[in-house]
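Residue numbers (UniProt numbering): 1 to 144.
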């Protein structure tokens, strides 16, 4: 298997494994938790389309999980005045404890990823990621 693909798969599997106990305790699917945390952590993204395009979650799964989260009182839908075809999704106060706990799991996971990585190596890694991000922006701009 391609090492890059294997790394991505392992990362996803490990993240889902550390989220599993919280999801089971709360009676939420991993996708539902991902949607809540995505909306809470990324306030510039507010629609189901944003979730599909940015998080690459299948539209039918987003729709089904958003409906459930709305029914359970964790999300509210609001019409977008400038485009009546769009619906803004906002987390409710009821979702706050879930979001706090989910963020704690995320933070512990990302901290764990860097275990045994020296601070100097972490700096190089993050600086490299920033440069790669800029290169990606340039590639996208050039090919728009």
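Just so you know, even glycine gets a beta-carbon here, dropped at the ideal spot from N, CA and C.
Residue interval of the beta strand (DSSP E) (run including residue i)
{"i": "residue 88", "result": "83-91"}
Which of helix, strand or coil DSSP assigns to residue i
{"i": "residue 72", "result": "coil"}
{"i": "residue 144", "result": "coil"}
{"i": "residue 117", "result": "coil"}
Closest Cα partner of residue i within the set the options
{"i": "residue 18", "options": "110, 125, 123", "result": "110"}
{"i": "residue 88", "options": "98, 77, 94, 96", "result": "77"}
{"i": "residue 106", "options": "1, 4, 12", "result": "12"}
{"i": "residue 96", "options": "4, 33, 2, 9", "result": "33"}
{"i": "residue 65", "options": "86, 36, 45, 125", "result": "36"}
{"i": "residue 42", "options": "29, 144, 90, 136", "result": "90"}
Residue span of the alpha helix (DSSP H) that contains residue i, given as start and end
{"i": "residue 3", "result": "3-26"}
{"i": "residue 47", "result": "Looking at the DSSP string, residue 47 is not in any alpha helix (DSSP H), and its letter there is neither H nor E."}
{"i": "residue 40", "result": "30-41"}
Whole-angstrom distance between residue j and residue i, CA atom to CA atom
{"i": "residue 82", "j": "residue 68", "result": "26 angstroms"}
{"i": "residue 15", "j": "residue 101", "result": "14 angstroms"}
{"i": "residue 20", "j": "residue 49", "result": "25 angstroms"}
{"i": "residue 3", "j": "residue 10", "result": "10 angstroms"}
{"i": "residue 123", "j": "residue 130", "result": "11 angstroms"}
{"i": "residue 114", "j": "residue 126", "result": "11 angstroms"}
{"i": "residue 47", "j": "residue 92", "result": "15 angstroms"}
{"i": "residue 45", "j": "residue 38", "result": "8 angstroms"}
May I ask you to verify whether the stretch 54-70 touches the stretch 103-121, counting CB pairs closer than 8 angstroms and requiring at least 3?
-> No, because fewer than three Cβ pairs between the stretch 54-70 and the stretch 103-121 fall closer than 8 angstroms, the two stretches do not touch.
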